[in-house]
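So the sequence lines, in the order shown, correspond to chains A and B. If you use numbering that gives the first Met the number 0, the first sequence corresponds to residues 0 to 153, in order. If you use numbering that gives the first Met the number 0, the second sequence corresponds to residues 0 to 153, in order. Beta carbons are placed, not taken as given, at the ideal position from N, Cα and C, and that holds for glycine.
There are 2 protein chains.
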Amino acid sequence: MPGTETYQIHSIGYIHQGDGEVTLKLLKAYAPALRCLDKYSHVMVFWWASKHDNPKSRSIMQTQLPYAPGTTAGVFACRAEYRPNPIAMTVCKILKVDEAKGTVKLAKIDAFDGTPILDLKGYIPVCDRVKDVRTPSWYDGWPEWMPDDGLGLD
Amino acid sequence: MPGTETYQIHSIGYIHQGDGEVTLKLLKAYAPALRCLDKYSHVMVFWWASKHDNPKSRSIMQTQLPYAPGTTAGVFACRAEYRPNPIAMTVCKILKVDEAKGTVKLAKIDAFDGTPILDLKGYIPVCDRVKDVRTPSWYDGWPEWMPDDGLGLD
Chain A
0 MPGTETYQIH
10 SIGYIHQGDG
20 EVTLKLLKAY
30 APALRCLDKY
40 SHVMVFWWAS
50 KHDNPKSRSI
60 MQTQLPYAPG
70 TTAGVFACRA
80 EYRPNPIAMT
90 VCKILKVDEA
100 KGTVKLAKID
110 AFDGTPILDL
120 KGYIPVCDRV
130 KDVRTPSWYD
140 GWPEWMPDDG
150 LGLD
Chain B
0 MPGTETYQIH
10 SIGYIHQGDG
20 EVTLKLLKAY
30 APALRCLDKY
40 SHVMVFWWAS
50 KHDNPKSRSI
60 MQTQLPYAPG
70 TTAGVFACRA
80 EYRPNPIAMT
90 VCKILKVDEA
100 KGTVKLAKID
110 AFDGTPILDL
120 KGYIPVCDRV
130 KDVRTPSWYD
140 GWPEWMPDDG
150 LGLD
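Below you can see the structure in the form of structure tokens.
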């Protein structure tokens, strides 16, 4: 098996969040890649958890779950932003896509203002929606679906 | 707005695919991060589309859709592996997790043997499952759910 290899990724834009509005602002060069995204209701936003892009955060392998006292889980079994590659992904409801301006208005996102964006992918049921799902018992009683406006910082 | 910034990511392991079996083999250092992943039925596998980690593939912003003749879409509106940051994500059905060995057996994945893995996240309905979805008309008639075993190379 090969060992660890290193790859380079780049910010394609930044998340702007404030006064209850969320806007993805892409760098000009990437705006044409938005073509037809307005035909989707939801987009998967891949973002860089930049606060955790440091050797300490990236070496954490297990964590105590705040919502399941006494449980230690691997970072691949939870959504902690500290992980070996701090790539986060949030499914978001699209309000408006403006290809000319390179912007996407969203209902909500759980990322801070100024967060770098890495990628966007339209949400497709045949790829992304699973009918029969089993999750750990600490999620018992949580909603069966994403909230209508998605998950925000609140 | 800040300009493009560059970040470093690392392979945490590799996808092994052959004879109808799919196994994620993590590098030893990352095996502890699998703790509790066996409590999930599905995992989102983030992988590096290494064949498209080159300047030409990473500069493609729009593409002709093979399944929608005459339609040009932005790469953020489709799942083309060539995109500015060739990070792919596949939702997969888990068959077996072995933390000691650092392996995860999956039903299927649409990535070639030897593909580098970047991250794993357990699939959680409240984050990842959207009830009311709108997609482009070229997906009319496609399944409303991920197939039971997920999407493979076939």
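- Residue state for Y138 of chain A is assigned as helix, using DSSP reduced to three classes.
- Of the candidates A:H51, A:R133 and A:I11, A:I11 places its Cα closest to the Cα of Y29 of chain A.
- Straight across, the Cα-Cα distance linking P85 of chain B with A79 of chain B is about 9 Å.
- Interface flag for S10 of chain A against chain B is set, since a Cβ pair is found closer than 8 Å.
- In the structure shown, K100 of chain B falls within a coil segment according to DSSP collapsed to helix, strand and coil.
- Beta bridge pairing from DSSP links K92 of chain B with B:H41.
- Within the DSSP secondary-structure output, G12 of chain B pairs in a beta bridge with B:L25 and B:I116.
- Taking the Cα positions, A106 of chain B is about 10 Å away from K95 of chain B.
- With the criterion set as a beta carbon lying under 7 Å from some beta carbon of chain B, the members of the region 20-43 of chain A are K24, L26, Y29, P31, A32, L33, R34, C35, L36, K38, Y39, S40 and H41, in sequence order.
- Under the criterion of beta carbons closer than 8 Å, Y6 of chain B and D52 of chain A qualify as touching, at roughly 6 Å.
- Proximity of chain B to Q61 of chain A at the Cβ level (cut-off 8 Å) is accounted for by P31, A32 and R34, in chain order.
- Under DSSP, the beta-bridge partners assigned to L105 of chain A are A:V21 and A:I93.
- DSSP places A110 of chain B in the coil class of the three-state scheme, outside both helix and strand.
- Of the residues B:E143, B:A32 and B:W137, the one whose Cα lies closest to the Cα of G69 of chain B is B:W137.
- Our two residues, V103 of chain B and K120 of chain B, have alpha carbons roughly 12 Å apart in a direct line.
- Per the coordinates, the alpha-carbon of G101 of chain A lies some 25 Å from the alpha-carbon of F45 of chain B.
- For T71 of chain A, the enclosing beta strand (DSSP E) starts and ends at T71 to G73.
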